[in-house]
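Numbering-wise, my numbering puts 476 at position 305 of the sequence shown, and it's gapless, one number per residue.
We treat Cβ as the ideally placed atom computed from N, Cα and C, and that holds for glycine.
Note that this is a predicted model, so its numbers are computed, not measured.
Read through the structure below, which is laid out as structure tokens, and then see the notes.
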Amino acid sequence: MRVAVVVLNWNNLDYLRRFVPGILGSLSPDDKLYVADSGSEDGSLGWLADNHPEVGLIPLGRNYGFAEGYDRALSQIDDAEYYLLLNSDIEVGEGWLEPLVQWMESHPRCAVCGPKLHALDPAQGGGYSRTDRFEYAGAAGGWLDRFGFPYCRGRVLQKVEMDHGQYDEPAKVFWITGACLLTRASVWRELGGLDAEFFAHMEEIDFCWRAQLAGYEIWTVPAATVWHIGGGTLAPASPLKLMLNYRNSTWMLRKNLPATVGPCRAKWRIFTRGLIDFATQVVYLLQGKWNYVKAVSRARKEAKRRKIVPTTPNAEVKLTEVRIIPAYVFKGSKVFDYLRNKI
Numbered sequence: 172m173r174v175a176v177v178v179l180n181w182n183n184l185d186y187l188r189r190f191v192p193g194i195l196g197s198l199s200p201d202d203k204l205y206v207a208d209s210g211s212e213d214g215s216l217g218w219l220a221d222n223h224p225e226v227g228l229i230p231l232g233r234n235y236g237f238a239e240g241y242d243r244a245l246s247q248i249d250d251a252e253y254y255l256l257l258n259s260d261i262e263v264g265e266g267w268l269e270p271l272v273q274w275m276e277s278h279p280r281c282a283v284c285g286p287k288l289h290a291l292d293p294a295q296g297g298g299y300s301r302t303d304r305f306e307y308a309g310a311a312g313g314w315l316d317r318f319g320f321p322y323c324r325g326r327v328l329q330k331v332e333m334d335h336g337q338y339d340e341p342a343k344v345f346w347i348t349g350a351c352l353l354t355r356a357s358v359w360r361e362l363g364g365l366d367a368e369f370f371a372h373m374e375e376i377d378f379c380w381r382a383q384l385a386g387y388e389i390w391t392v393p394a395a396t397v398w399h400i401g402g403g404t405l406a407p408a409s410p411l412k413l414m415l416n417y418r419n420s421t422w423m424l425r426k427n428l429p430a431t432v433g434p435c436r437a438k439w440r441i442f443t444r445g446l447i448d449f450a451t452q453v454v455y456l457l458q459g460k461w462n463y464v465k466a467v468s469r470a471r472k473e474a475k476r477r478k479i480v481p482t483t484p485n486a487e488v489k490l491t492e493v494r495i496i497p498a499y500v501f502k503g504s505k506v507f508d509y510l511r512n513k514i
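What follows is the structure in structure tokens.
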């Protein structure tokens, strides 16, 4: 098998009905689609078995979250050269996969690559319509600012750009969204997959960071485009989503920052990030958003509770190559810059 395309599903039968036929029609005979089901109760497995017996079914029994769910699913697929993680709420186009595979085959140091993500909007009369607007989850490849806040080429916080071809050249980036991520199966096994304790959110950024510390590269390949609804599992305003993002971001920094910038600088940045998180908690309190206050408080407590073993970089890796922010883009905090311009 060349590519194992794996969709992690949890009670998303409507998405499967809409998007699985398109995925199947886009694959070569050397590729295979799998659906790993996280204990769905909406008839997902039965519908797939009756309507698409060519899809490989991986029943997980219950919802382990994005990170452990994929770890468990991919551990059962040992004959693929590449794994492609694909959200259930993504629509693919004709020829979307080939540019990604060709890039990996011609760039042996590339561990992870991904396409451009455009937004898929609800259409009048039902269904969805493709847009030329970048989608929040990954846009055209992602970066971190120095305090661990992620942003994308094409999206900073809630500001999203239209795609006018400004990111149409392949580029080395810091992370690729797990909504559509192609990785070498050998690298996945070498790194131990995703960090299961993350449950969901930031786990793909952590994976990409660890891959770079192991000596690999991360690329965006804009010749490929997919369309993403987003928020199919957790709504953007969900307190749980907020908690996971704050907690997992701190875990990720504690794991990987010391190996990237040195222990002393890492401690200062992580301490400063903690102050920023506390400040946002105060802002939510003043706004009367009690659920958000509780979410950030829980995140900060859980972030401190976990014992972290820092990532050990490959001895041959030049840490100057593992850049949290590209020097030619921005040298400070992208979040602070955005808020300052807003004010």
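Practice prompt. Specify, as a first and last residue, the run of the alpha helix (DSSP H) that LYS287 falls within.
Written response: Note, LYS287: premise wrong, no alpha helix (DSSP H); beta strand (DSSP E) at 281 to 293.
Item to complete: Look up CYS323 in the DSSP assignment and give the residues it is bridged to.
Response: GLY313 and ARG326
Fill in: Whole-Å CB distance - GLY349 paired with GLU375, under 8 angstroms assumed
4 angstroms
Item to complete: Can you tell me which of the three DSSP states THR348 falls into?
Response: The answer is coil: DSSP assigns THR348 none of H, G, I, E or B.
Worksheet item: Which residues in the same chain as THR483 place their Cβ atom closer than 7 angstroms to its Cβ, once the five residues preceding and following it in sequence are excluded?
Response: ALA430
Worksheet item: Count the other CB atoms within 10 Å of the CB of LYS513; is the residue buried (16 or more) or exposed (fewer)?
Response: Legend: pLDDT at LYS513 = 48, less than 50; position of this residue unreliable, value from coordinates given subsequently. So LYS513 ends up on the exposed side.
Item to complete: List the residues that DSSP assigns as beta-bridge partners of TYR299.
Response: PRO293
Fill in: First through last residue of the alpha helix (DSSP H) which encompasses ALA434
The question names Ala, but residue 434 in the sequence shown is Pro. First-last of the alpha helix (DSSP H) with PRO434: 434 to 457.
Discussion item. Can you tell me whether TRP439 is buried or exposed? The criterion is at least 16 other CB atoms within 10 Å of its CB, across all chains shown.
Written reply: exposed
Worksheet item: Taking the alpha-carbon positions, what's the MET172 to ARG444 distance?
Response: 43 angstroms
Worksheet item: Run through DSSP, which three-state label would PHE190 get?
Response: helix
Discussion item. What does DSSP give as the partner residue(s) for PRO230 in the beta ladder?
Written reply: ASP208
Practice prompt. Please classify LEU413: does DSSP put it in a helix, a strand, or coil?
Written response: helix
Item to complete: State the beta-bridge partners of TRP398 as determined by DSSP.
Response: Under the DSSP definition of a beta bridge, TRP398 partners with GLU262 and HIS289.
Practice prompt. Look up LYS460 in the DSSP assignment and say whether it is helix, strand or coil.
Written response: Coil at LYS460, not helix or strand.
Worksheet item: Just to confirm, are LEU184 and GLY240 a CB contact at a threshold of 9 angstroms?
Response: Cβ atoms of LEU184 and GLY240: not closer than 9 angstroms.
Worksheet item: ALA470 and ARG418 look like a contact to me (Cβ under 8 angstroms); what is the Cβ gap, rounded to whole Å?
Response: Sure, about 4 angstroms apart at Cβ, within 8 angstroms.
Worksheet item: Tell me the DSSP bridge mates of GLU388?
Response: CYS281
Discussion item. Is it buried or exposed, PRO321, if we count other Cβ atoms within 10 angstroms and call 16 or more buried?
Written reply: buried
Practice prompt. Report the rounded CA-to-CA distance for SER197 versus VAL177, giving the unit in angstroms.
Written response: 14 angstroms
Practice prompt. State yes or no: is the C-beta of ALA466 within less than 9 angstroms of the C-beta of PRO410?
Written response: Yes, Cβ-Cβ distance for ALA466 and PRO410 is below 9 angstroms.
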